[in-house]
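With our numbering applied, the sequence shown covers 673 to 796.
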Amino acid sequence: DVEDIKDVPQYKLTEEDWANIHKISEERYQKWEWNYGKSPTFDIQKTHKFPAGLVDVRMDVSKGTIKDCKIYGDFFGVGDVKIIEEKLIGTQYRRQALEEALADVDVPHYLGKITREEFIDLVY
Numbered sequence: 673d674v675e676d677i678k679d680v681p682q683y684k685l686t687e688e689d690w691a692n693i694h695k696i697s698e699e700r701y702q703k704w705e706w707n708y709g710k711s712p713t714f715d716i717q718k719t720h721k722f723p724a725g726l727v728d729v730r731m732d733v734s735k736g737t738i739k740d741c742k743i744y745g746d747f748f749g750v751g752d753v754k755i756i757e758e759k760l761i762g763t764q765y766r767r768q769a770l771e772e773a774l775a776d777v778d779v780p781h782y783l784g785k786i787t788r789e790e791f792i793d794l795v796y
């Protein structure tokens, strides 16, 4: 039994220990699959007040994939935001996948003076 913290032996990590820690971290814990792909279902709500208006995005994500998406706000876009919502459903919740899903979408047409990049920054 340890009665005093001074009685606990200390171990100082070596350079080799640190190298192994960093290797495991890169190979396993810094991967999208670990952080999102194996995760349980979660909900995301992102809201931001742009000069062009408020945008409120709500998504259901399961195993790293967007299963449902709703966009609300007081922005002044011309098009129906349902087009953007449908583009995002089925997309992996990772920045590159969001960029690819919205690559051919004229985001300002739907959200007013809010760029594709600003929207992706909000969502991710």
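Note that CB positions come from ideal geometry on N, CA and C, so glycine has one too.
Answer with buried or exposed for residue i, where buried requires no fewer than 16 other C-beta atoms within 10 angstroms of its C-beta.
| i | result |
| --- | --- |
| Y765 | buried |
| F714 | exposed |
| F791 | buried |
| V680 | exposed |
| A773 | buried |
| V750 | exposed |
| I693 | exposed |
| V753 | buried |
State the start and end residues of the unbroken alpha helix (DSSP H) segment that holds residue i.
| i | result |
| --- | --- |
| Y782 | 779-783 |
| L726 | Counting along the chain, L726 falls outside any alpha helix (DSSP H), though it belongs to the beta strand (DSSP E) covering 725-734. |
| D689 | 687-696 |
Name the one or two DSSP bridge partners that residue i has.
| i | result |
| --- | --- |
| T787 | Looking at the DSSP assignment, T787 forms no beta bridge with any residue, so it has no partner. |
| G745 | V727 |
| Q717 | R730 |
| D740 | D732 |
Any heavy atom of the ligand FAD closer than 8 Å to the Cβ of residue i?
| i | result |
| --- | --- |
| Q717 | No copy of the ligand FAD appears in this structure; indeed no ligand is present at all. |
According to DSSP, is residue i part of a helix, a strand, or is it coil?
| i | result |
| --- | --- |
| Q768 | helix |
| K754 | helix |
| I677 | helix |
| I761 | coil |
*Are the region 678-685 and the region 752-771 in contact at 8 Å, needing three or more beta carbon pairs?*
no
*If you pair each beta-carbon of the region 743-750 with each one of the region 724-735, do three or more pairs fall below 8 Å?*
yes
_Inter-stretch contact at 8 Å, needing at least 3 Cβ pairs: the region 771-786 / the region 698-707_ = no
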